[in-house]
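Residue numbers (the working numbering): 238 to 429.
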Amino acid sequence: MSRYSSGDGAPVLLIPGIYETWQFLRPIAQRLHAAGHPIHVLPALGYNTRPIVAAAGLGQDYLREHDLRGVVIVAHSKGGLIGKHMMVVDDRDEQRIERMIAVSTPFNGSPLARIAPARGLREFSPHRPLIRRLLEEREADARITSIYGMRDQYIPGGSRLVGAHENIAVSVVGHFALLSHPRVLDLIAARV
């Protein structure tokens with residue numbers, strides 16, 4: 238990861254989705270690093286199986302430990318929920334996070350979570366207290382750009398976030414296809 242750590246632009250923290258490492262976000266890392274942004278990841282996050290609250294605490298500890306400020310979070314799926322939790326709870330007093338670009342994030346939860354076989358996936362149920370709380374916490378929404386495809390097999394209700402700085406629907410189908418799609422990479426690069 239050290240090959241992406243240099244740069245004079247705004248520091249970027251990549252947060253992957255559940256069962257993903259930061260490697261899923263490598264095309265984004267390469268693009269943003271080439272534009273001069275130092276890229277940071279959370280190695281301790283592993284495959285991102287921790288609960289959202291615990292992962293957000295880990296992320297905030299990383300920002301504090303490396304004294305990062307003016308941070309732009311770029312997140313996929315669950316990573317966007319972790320990022321929003323950081324913005325509205327963990328970073329509330331420190332103000333280290335400037336904004337977030339979330340790709341395919343279930344801000345409103347996913348109705349499929351109620352039938353998910355794994356506990357970690359059930360965390361995304363629209364009825365879970367944490368999902369509802371994050372929806373009610375609106376002060377950070379104006380600093381969030383949500384990018385999502387026309388159809389997402391895991392988030393049938395979509396990733397539109399009421400009150401977001403921008404909601405951008407792209408002509409891509411699927412949950413993961415956006416992570417390396419040239420149009421999405423352009424949108425992210427223009428907003429970091």
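Note that CB positions come from ideal geometry on N, CA and C, so glycine has one too.
Determine whether the beta carbon atoms of residue i and residue j lie at a separation below 7 Å.
i           : j           : result
residue 402 : residue 427 : no
residue 248 : residue 261 : no
residue 278 : residue 251 : yes
residue 418 : residue 341 : no
residue 400 : residue 369 : no
residue 405 : residue 381 : no
residue 295 : residue 333 : no
residue 312 : residue 271 : no
residue 268 : residue 422 : yes
Tell me whether residue i sits in a helix, a strand or coil according to DSSP, three-state version.
i           : result
residue 356 : helix
residue 396 : coil
residue 284 : coil
residue 316 : helix
residue 261 : helix
residue 376 : coil
residue 346 : coil
residue 294 : helix
residue 418 : coil
residue 427 : helix
Considering only DSSP beta bridges, list what residue i is partnered with.
i           : result
residue 300 : BP columns for residue 300 are empty, so no partner.
residue 383 : 339 and 404
residue 250 : 277 and 310
residue 388 : 410
residue 255 : For residue 255, which the question treats as bridged, DSSP gives no partner whatsoever.
residue 334 : 308
Only counting the same chain, and skipping five residues up and downstream in sequence, which positions put a Cβ closer than 6 Å to that of residue i?
i           : result
residue 255 : 285, 315 and 357
residue 245 : 273
residue 392 : 343 and 347
residue 394 : 345
residue 309 : 247, 249, 335, 336 and 429
residue 359 : 350 and 353
residue 307 : 247 and 335
residue 317 : 339 and 342
residue 362 : 346, 350 and 351
Tell me, to the nearest whole angstrom, how far the beta carbon of residue i is from that of residue j; I am working on the premise that it is less than 8 Å.
i           : j           : result
residue 319 : residue 416 : With 8 Å as the limit, residue 319 and residue 416 do not qualify as a contact, their Cβ atoms being about 16 Å apart.
residue 292 : residue 326 : Residue 292 to residue 326, Cβ: 12 Å. No contact.
residue 280 : residue 243 : Contact doesn't hold; Cβ gap of about 18 Å is too wide.
residue 289 : residue 398 : So it is not a contact: roughly 16 Å between Cβ atoms.
residue 377 : residue 321 : 6 Å
Got a sec? Which residues, its chain only, sit under 8 Å from residue i by beta carbon, not counting five neighbours each side?
i           : result
residue 372 : 344 and 345
residue 331 : 297, 300 and 301
residue 414 : 386
Excluding sequence positions up to five away, which residues of its chain have a Cβ less than 7 Å from the Cβ of residue i?
i           : result
residue 420 : 407
residue 282 : 292 and 295
residue 297 : 323, 327 and 328
residue 410 : 386, 387 and 388
residue 390 : 411 and 412
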